[in-house]
Amino acid sequence: MGIILPTKKKRNFKQAALYTGTILAGLLYMSCSKKFSESQTFFNLPVDKTMHDLLAGYDTDGDKKITKDDAPQKDYYMVSTKGDTVIIRNTYYLSNLLQELAIAHEEHHDNLHISLSRIQEPPAERISRRIRTHFWDDLTRTIDEEGLNRITEDEKMHDSHQRIYVPYHDSTGIEYFLELQKRRRNLEVVILPPVISAEYVRSINTRPGILSLKIENGKGVPFVVPGGRFNEMYGWDSYFEGKGLIIDGRLDLAKAMVDNFCYQVKYYGKILNANRSYYLTRTQPPFLSSFIREVYEATPARERSNEWLAHSLSMAIKEYEEVWMDGKRYTPETGLNRYYAGGLGIPPETEPGHFRSILQEYADKYNLSVLTFEERYKSGEIKDAALDRYFVHDRTLRESGHDTTWRLDNVAADLNCVDLNSLLYKYEKDFEYLIDAYFKGNFTAENGESYTTAYWHEKAATRRMKMKQYLWDAEKQCFFDYNIKTEKLTDFMSATNFFPLWAGLCTDDEAESLVNIMMTELKAQGGILASSKASTIKYATNDVQRQWDYPNGWAPHQMLLWKGLLDYGYEAEAREMIYRWLWTITQNAVDYNGTIPEKYDVVNSTHKVYAEYGNVGTEFAYITKSGFGWMNASYQYGLSLLPEDYVHKLDNLEKPEEVFK
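At position 237 of the sequence shown the residue is numbered 521 (our numbering), and the sequence of numbers has no breaks.
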């Protein structure tokens, strides 16, 4: 008879609790190593009974999860297949066991055969494995017969119809969905007009539906959604998800998402905010050129298709020219760009009451109840130029992807934003690179126009010069958004001010200044802040906590700025910020039953975010099935950049302040 207490030297009490959460009693010898004993220790557990016992004994707050918020844990006893008694006394291990039982239950297994090593799986390894083997698949959708039920029956449809809108010129899609309509009585197929006006989009707001994407070989081309409650393909989320997919060997899915982006440019005229009917007038931050380049260069040389690259590059150039450089999103007075969403009136995707305080002010002006005013304003019976302008800014803020932030509140359409112009600079440099590397310096697009590397080089150089002229604050040595109406730089300190590092448009001196400011103003315990505390306090006009501001941090900001730091040689700073972010994800997953949410409060390193819209990905029973798209990607991307010894520190849950003294 012997007892094994698997321990590791020089761990603090909390770390020891994570790794010494088991006691094996039985016919085991003290000389056995932990690895050997775990590899030889298996359990055959009745699924339903064990789940019931765990929930009854350890889920003290009744949320169908085992977390650090439950009452202090008591020992849980299990008997291995060899008759050894095993005591588990650790929240993380108990929650892992609950999750594995939930998987077995969903797969209709009566018993779960599981090893002790799986229950004690190191947290970084477990999170990464779950992302790679489960989360991406759960987040994958198709818009076709197989995938339509899940998409058209969600809460965003508002009525009993399964409604799908198909572009006027997509003959393949029209044929497919009209044939499908014959077999599905409740499916309503609507063919969009050849020209989609803002008035038309407003007219169908009471008849919302999904917008079709590419049909190929009789099936919908797949895409990844941001999170479990989403069923549409979002503009900038998709690029970041694609980076994670490439790392995880899902190049086919990343390529499919590029194909759907190109379909949107071809048939909807833009990469949509998301493929819902009410997003037809709105795009999102542009990442198509980066997405194309990264997918193509991740493809083995023998499998690359010049035809695919030529079509994708043509669509990216079309988007650049028609969405960004032709129309209201281009500001000739500066030669730079802004977000500028089309559409009319109140954004229909917002929840009831979201604009109540704004509408109340105007209802009082017209001596009406707020509900009566809203109804008459929506119908067009009441016209108010000031309120119209407010909603231009609001829709534009949503087009920027940063919905919402005090940086853009009631001013978004007047700003040449640093982030947008950095992204478009990257387009110009990507076009220059791709044409030089794969088309011998001269590319003829599908529109018949020819483009040279010199042409795009000049475009990029001009934009960089204009950004330095209008967006660079020489005194503060930092980029800021420029207000074209007031003709002044703003001073809002946001993570977006540092996108030039990712785009590669800074000189070494500019980069040094930006890095110093970022590490001073935006470094928090759990990662890079979306905005500084000082700017948030200065510009907040009420107590509503905007989700894209202090104290929150977001995956896309982290990923872009990690790469910017590395590209300019700031490896120590990159390593620290990667570790801080991954530690936040890991610690929260360990403490809260594997939770991987949309965003974090990076000041307090918690997923408990008390901002508008809550925090997607935190509500689930037993086990998270999908995490959150760009959060998953940031974890895989961060792990791919982090040295192995730091991954070990992550598994040990070593706090950032201990690692970076």
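Glycine residues also receive a C-beta, built at the ideal position from the N, C-alpha and C atoms.
Do you know how far the Cα of Trp867 is from the Cα of Asn888? Taking the first residue of the sequence shown as 1, we reach residue 888 at position 604. Taking the first residue of the sequence shown as 1, we reach residue 867 at position 583. Computed Cα separation, rounded: 12 Å.
If we count the other Cβ atoms within 10 Å of its Cβ and call it buried at 16 or more, is Phe944 buried or exposed? For the purposes of this step, residue 944 is taken as the residue at position 660 of the sequence shown. Phe944 should be labelled exposed.
For Ala839, which of helix, strand or coil comes out of DSSP? On the sequence shown, residue 839 is found 555 positions in, with the first residue counted as 1. Of the three classes helix, strand and coil, the one that applies to Ala839 here is helix, per DSSP.
Extent of the continuous beta strand (DSSP E) to which Leu597 belongs: Locating residue 597 in the sequence shown gives position 313, counting from the first residue. Premise fails: Leu597 lies in the alpha helix (DSSP H), 590-603, not in any beta strand (DSSP E).
Does the stretch 670-680 come close enough to the stretch 727-738 to have 3 or more Cβ pairs within less than 8 Å? no
Specify the secondary structure class of Ile555 as computed by DSSP and reduced to three states. Residue mapping note: residue 555 aligns to position 271 of the sequence shown, counting from 1. Coil at Ile555, not helix or strand.
Segment limits, beta strand (DSSP E) that includes Ser734: Here residue 734 refers to the residue found at position 450 when the sequence shown is read from its first residue. Note, Ser734: beta strand (DSSP E), 734-736.
Best match in Leu813, Thr908, Ala895 for proximity to Trp865 [C-alpha to C-alpha]: The residue labelled residue 865 in the question sits at position 581 within the sequence shown. Among Leu813, Thr908, Ala895, the Cα nearest to that of Trp865 is on Leu813.
I'd like to check one pair, Leu785 with Leu773: are the Cβ atoms closer than 7 Å? Here the question's residue 773 lines up with position 489 in the sequence shown. Here the question's residue 785 lines up with position 501 in the sequence shown. No; because the gap between Cβ atoms is not below 7 Å, this pair is not in contact.
Length at least 4, wholly inside the stretch 845-884: the alpha helix (DSSP H) runs in chain order: If we require 4 residues or more, the alpha helix (DSSP H) runs fully inside the stretch 845-884 come out as 855-875.
Which residue marks the beginning of the alpha helix (DSSP H) containing Phe783, and which one marks its end? One-based indexing of the sequence shown puts residue 783 at position 499. Segment 783-787, the alpha helix (DSSP H) holding Phe783.
Assuming the contact rule is C-beta atoms closer than 8 Å, Leu476 and Pro451 should be a hit. Round their C-beta distance to whole Å, please. Locating residue 476 in the sequence shown gives position 192, counting from the first residue. Locating residue 451 in the sequence shown gives position 167, counting from the first residue. Going by Cβ atoms, the distance from Leu476 to Pro451 rounds to 6 Å, so yes, they are a contact pair.
Contact the stretch 842-861 vs the stretch 345-359: 3+ CB pairs below 8 Å: no
Of all the options Thr737, Ala738, Asn767, which has the alpha carbon lying nearest to the alpha carbon of Met751? As a position in the sequence shown, residue 751 is number 467, starting the count at 1. Of Thr737, Ala738, Asn767, the residue nearest in Cα terms is Asn767.
The alpha helix (DSSP H) with Met362 in it runs from where to where? In the sequence shown, residue 362 corresponds to position 78, counting from 1. Met362 -> not in any alpha helix (DSSP H); beta strand (DSSP E) instead, spanning 360-363.
Quick one, which of Gly627, Asp714, Ala824, Ala647 has its alpha-carbon nearest Arg673's? Mapped onto the sequence shown, residue 673 falls at position 389. Closest by alpha carbon: Gly627.
Looking at Leu423 and Gly913, is the spacing between their C-beta atoms short of 7 Å? Start at 1 with the first residue of the sequence shown, and residue 913 comes out as number 629. Start at 1 with the first residue of the sequence shown, and residue 423 comes out as number 139. In this structure, Gly913 sits near Leu423, with a CB-CB distance shorter than 7 Å.
Ile869 beta carbon less than 7 Å from that of Leu925: Position 641 of the sequence shown holds residue 925. Position 585 of the sequence shown holds residue 869. Not in contact: Leu925 and Ile869 (Cβ atoms no closer than 7 Å).
CA-CA distance, Asp851 and Ala408? Within the sequence shown, the letter at position 567 stands for residue 851. Within the sequence shown, the letter at position 124 stands for residue 408. Cα to Cα, Asp851 sits roughly 26 Å from Ala408.
In whole angstroms, what is the alpha-carbon distance linking Asn826 and Ser641? The count along the sequence shown starts at 1 and reaches residue 826 at position 542. The count along the sequence shown starts at 1 and reaches residue 641 at position 357. If you take the alpha carbons of Asn826 and Ser641, they lie about 11 Å apart.
Using DSSP with H/G/I as helix, E/B as strand and the rest coil, what is Ser522? Along the sequence shown, read from residue 1 onward, the residue named residue 522 stands at position 238. In this structure, Ser522 counts as helix in the three-state DSSP scheme.
Please report how far the alpha carbon of Asp359 lies from the alpha carbon of Pro840, in whole angstroms. As a working note, residue 359 is residue 75 in the sequence shown. As a working note, residue 840 is residue 556 in the sequence shown. Asp359 and Pro840: Cα-Cα distance of roughly 41 Å.
Select from Pro478, Lys527, Gly533 the residue whose C-alpha is nearest the C-alpha of Ser455. Residue numbering aside, residue 455 sits at position 171 when the sequence shown is read from its first letter. Cα-wise, what sits closest to Ser455 is Pro478.
Would the stretch 557-572 count as touching the stretch 700-720 if we require 3 or more Cβ pairs under 8 Å? yes
Please check the pair Phe575 and Tyr523, which I expect to be a contact at CB under 8 Å, by giving their CB distance rounded to whole angstroms. As a working note, residue 575 is residue 291 in the sequence shown. As a working note, residue 523 is residue 239 in the sequence shown. Phe575 to Tyr523, Cβ: 5 Å. Contact.
Roughly how many whole angstroms lie between the Cα atoms of Thr365 and Ala795? Residue mapping note: residue 365 aligns to position 81 of the sequence shown, counting from 1. Residue mapping note: residue 795 aligns to position 511 of the sequence shown, counting from 1. Cα to Cα, Thr365 sits roughly 59 Å from Ala795.
Let's test the definition: count the other Cβ atoms within 10 Å of the Cβ of Asp421 and tell me whether it reaches 16, buried, or not, exposed. In the sequence shown, counting from the first residue as 1, residue 421 sits at position 137. Classification for Asp421: exposed.
N-terminal and C-terminal residue of the alpha helix (DSSP H) that Val485 is part of: Counted from its first residue, the sequence shown places residue 485 at position 201. That run of the alpha helix (DSSP H) goes 482-487.
How many angstroms separate the CA atom of Asp337 from the CA atom of Ile531? Counting from one through the sequence shown, the residue named residue 337 turns up at place 53. Counting from one through the sequence shown, the residue named residue 531 turns up at place 247. Each residue's alpha carbon lies about 39 Å from the other.
Using a Cβ-Cβ cutoff of less than 7 Å, which residues in the same chain neighbour Ile435 once the five nearest sequence positions on both sides are dropped? For the purposes of this step, residue 435 is taken as residue 151 along the sequence shown, with counting starting at 1. Answer for Ile435: Arg425, Ile427, Ile494, Asn515, listed in chain order.
Roughly how far, in whole angstroms, is the beta-carbon of Phe783 from the beta-carbon of Val702, given that I think they are within contact range, below 8 Å? Sequence index remark: in the sequence shown, residue 783 carries index 499 (1-based). Sequence index remark: in the sequence shown, residue 702 carries index 418 (1-based). Sure, about 6 Å apart at Cβ, within 8 Å.
With 16 other Cβ atoms within 10 Å as the buried cut-off, status of Pro940: Sequence index remark: in the sequence shown, residue 940 carries index 656 (1-based). Classification of Pro940: buried, given that the 10 Å Cβ count is 16 or more.
Assign Arg560 to one of three DSSP states: helix, strand, or coil. For the purposes of this step, residue 560 is taken as residue 276 along the sequence shown, with counting starting at 1. If DSSP states are grouped into helix, strand and coil, Arg560 belongs with the strands.
Distance, Gln842 Cα to Glu525 Cα: Here the question's residue 525 lines up with position 241 in the sequence shown. Here the question's residue 842 lines up with position 558 in the sequence shown. Distance between the alpha carbons of Glu525 and Gln842: 13 Å.
Taking C-alpha atoms, which residue in Gly511, Met915, Tyr735 lies nearest to Lys602? Position 318 of the sequence shown, counting from 1, holds the residue named residue 602. Put simply, of Gly511, Met915, Tyr735 the residue whose alpha carbon is nearest the alpha carbon of Lys602 is Tyr735.
On a Cα-Cα basis, can you pick out the residue from Leu396, Leu400, Lys527 that is closest to Ala917? On the sequence shown, residue 917 is found 633 positions in, with the first residue counted as 1. Answer by Cα proximity: Lys527.
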